[in-house]
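*Asks:* Handing you a structure now.
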Amino acid sequence: MAYELLYRSSSTATFADFSDKNLAALRVIANTFATLGEEAVLGGHAGFFNVTRGVLFSDAIFALPKERVVIELLEEIEPDREVAARCRALREAGYRIALDDWIPDDSRASLLPIVDIVKVDLPAVPPRELRRVVRSVRGDGRLLLAEKVETPEEFEACLKAGFDRFQGFFFERPTVLEGAGIDPAQATLLRLLQQISTGAATTEIVESLKRDTKLGVNLIRIVNTAGNATRVRLESIEDGVRHLGLQQLSRWVALLLYAQGQRGGIHDPLLTAAAHRGRLLELFVRAANGRGALQVEPERAFLVGMLSLVDALLGRPIDEVVRELRLGSDIGLALTHREGELGRLLVLAEATERGELERVEP
């Protein structure tokens with residue numbers, strides 16, 4: 201049904217070790233939806249995210265995709281009127297709410313009518329009390345989840361007692377996921393590249409731009425400087441996208457992605473190398489197309505050249521990035537296996553950069 205996402209300070213840590221629970225909760229959210237990517241972490245499933253009182257009342261919680269998350273209230277959150285009102289507002293907005301570590305005679309009974317899932321802490325419930333706990337929580341369509349199920353016997357007991365869902369080492373041991381950091385602007389740029397390469401509607405692309413004010417401003421600057429003889433009066437982000445065109449926008453998004461790198465910014469040698477490689481592939485294609493020797497769109501060649509160094513930028517394997525962006529199969533094969541016409545052109549560009557004439561001449 202879902203995965204529960206928990207914070208660990210390192211790849212070898214087996215338990216929570218942090219001084220600021222608010223920061224830990226936010227890092228889990230940021231790592232899932234930015235650093236690692238929700239598809240890589242969750243696949244097609246939902247994610248249970250532990251939240252503190254501070255995170256529950258922060259605006260950041262509304263950034264979560266409601267169809268992919270379950271907001272899990274930690275047992276330490278006091279069930280006061282403010283918490284109840286916040287849970288109602290979140291449910292009205294379409295979010296699912298879960299109560300963590302429920303025990304017999306739990307003090308949070310007042311929240312039961314406004315939650316979707318109750319997670320019962322199995323070690324805290326004597327076996328003879330299981331059915332009573334189930335009866336006390338059952339109702340209003342709530343799911344009952346038994347957590348910390350570690351043996352076949354515990355699973356059978358919970359099944360007979362009437363639990364709906366089960367979680368614990370009996371089913372699967374935890375997996376530690378880690379990845380290089382990526383800032384929010386990079387996440388937006390990656391999403392834009394994916395949308396453009398898969399032919400998303402202009403309205404979707406505009407919405408992504410609107411989520412990042414800085415990128416919206418950059419778009420306006422680009423429209424007014426990207427080889428235009430005269431400045432253009434823009435009334436909206438939509439105007440900017442339409443004027444620039446999706447092909448040109450994809451080029452600038454790729455450039456901005458490198459410029460957002462945390463190493464040297466716009467002066468990063470990686471940006472220079474990627475821009476040169478993209479331009480070189482574009483020139484190859486224009487020359488070949490002019491002689492009828494090749495039928496490849498120059499903009500696609502440029503994108504392959506630009507993205508061929510994105511693994512170095514993000515600190516992640518190129519095949520992961522290709523899967524996340526859901527690029528066209530020819531672009532994906534070029535980047536991961538150097539195959540197809542675009543792949544052959546990329547090999548030629550790399551050989552040219554290294555001065556390997558014996559590979560360039562053929």
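Here our numbering is used: position 126 in the sequence shown is 326, and no number is missing along the way.
Idealized CB from N, CA, C, for every residue including glycine.
1. Taking the alpha-carbon positions, what's the Trp302 to Glu272 distance?
2. So within the stretch 335 to 413, which uninterrupted alpha helix (DSSP H) runs reach at least 4 residues, ignoring any that extend past its ends?
3. Taking 7 Å as the limit between beta carbons, can you name the residues of its chain near Leu552, skipping five residues before and five after?
4. For Ala298, I'd like the list of residues in its chain whose CB is within less than 8 Å of its CB, leaving aside the five on either flank, ordered along the chain.
5. Using 10 angstroms around the beta-carbon of Gly445, count the other beta-carbons present and answer buried if the total reaches 16, otherwise exposed.
6. Between Val510 and the rest of its own chain, which residues show a CB-CB distance below 6 Å, the 5 nearest in sequence each way excluded?
7. Helix or strand or just coil, what does DSSP make of Arg296?
8. Can at least three beta-carbon pairs, one atom from the stretch 318 to 333 and one from the stretch 349 to 358, be found at a separation below 8 Å?
9. Out of Glu407, Gln395 and Ala309, state which residue places its alpha-carbon closest to the alpha-carbon of Val333.
10. What's the call for Glu347, buried or exposed, on a 16-neighbour Cβ count within 10 Å?
11. Consider the C-beta atom of Gln395 and the heavy atoms of the ligand ATP; say whether any pair is separated by less than 7 Å.
12. Let me make sure I understand the geometry here. Which of Leu256, Arg500 and Ala246 has the alpha-carbon closest to that of Ala454?
13. Can you tell me whether Glu404 is buried or exposed? The criterion is at least 16 other CB atoms within 10 Å of its CB, across all chains shown.
14. Given a cut-off of 8 Å, decide if Val504 and Leu494 are closer than it, judged by their beta-carbon atoms.
15. Taking the straight line between their C-alpha atoms, what separation do you get for Ala473 and Leu548?
16. Tell me Lys319's beta-bridge partners as DSSP assigns them.
17. Per DSSP, which residues does Ile271 bridge with? Please list them.
18. How far does the alpha helix (DSSP H) with Leu205 in it reach, from first residue to last?
19. For Val251 versus Ala225, is the C-beta spacing smaller than 8 Å?
20. Skipping 5 residues on each side, what residues in its chain have a beta carbon closer than 6 Å to that of Phe371?
21. Straight-line CA distance for Glu558 to Val496?
22. If the criterion is Cβ atoms closer than 8 Å, does the pair Leu393 and Ser450 meet it?
23. Give me, in chain order, the residues of the same chain whose beta-carbon lies closer than 6 Å to that of Arg296; leave out the 5 immediate sequence neighbours on both sides.
24. Applying the 10 Å Cβ sphere with the 16-neighbour rule, what's the burial state of Val376?
*Replies:* Quick look at the numbers:
1. Whole-angstrom Cα-Cα distance: 12 Å.
2. Those alpha helix (DSSP H) runs which fall completely within the stretch 335 to 413 and span 4+ residues are 352 to 361, 384 to 397 and 402 to 410.
3. Strictly speaking, residue 552 in this sequence is Thr, with Leu absent from that position. The beta carbon of Thr552 lies closer than 7 Å to those of Leu480 and Val560 in the same chain, with the five residues before and after it left out.
4. Non-local C-beta neighbours of Ala298 in its own chain, meaning closer than 8 Å and more than five positions away in sequence, comprise Phe248, Val270, Ile271, Glu272, Leu273, Val315, Asp316, Ile317, Val318, Lys319 and Leu345, ordered along the chain.
5. Exposed, because fewer than 16 other Cβ atoms sit within 10 Å of the Cβ of Gly445.
6. Only residues of its own chain outside the window of five on either side were considered, and among them Val521 have a CB closer than 6 Å to the CB of Val510, listed in chain order.
7. Note: Arg296 maps to strand in three-state DSSP.
8. These segments touch.
9. Of the candidates Glu407, Gln395 and Ala309, the one whose C-alpha sits nearest the C-alpha of Val333 is Ala309.
10. Classification for Glu347: buried.
11. Here there are no bound small molecules, and the ligand ATP is not part of this structure.
12. Residue Arg500 is the option with its Cα nearest to Ala454.
13. Flag for Glu404 reads exposed.
14. For the 8 Å CB-CB criterion, Leu494 and Val504 do not form a contact.
15. In a straight line, the C-alpha of Ala473 is about 15 Å away from that of Leu548.
16. Its beta-bridge partners are Leu345.
17. Paired residues: Phe249 and Ile297.
18. Here Leu205 belongs to no alpha helix (DSSP H); instead the beta strand (DSSP E) covers Ala202 to Leu205.
19. Taking 8 Å as the Cβ cut-off, Val251 and Ala225 qualify as a contacting pair.
20. Sequence-distant partners of Phe371 (beyond 5 residues in either direction) whose C-beta falls short of 6 Å from its own C-beta are missing from its chain.
21. Using only the alpha carbons, I get a separation of about 25 Å.
22. Against a cut-off of 8 Å, the Cβ pair of Ser450 and Leu393 comes out as a contact.
23. Excluding sequence positions up to five before and after Arg296, its CB lies within less than 6 Å of the CB of Val270 and Asp316, all in the same chain and listed in chain order.
24. Flag for Val376 reads exposed.
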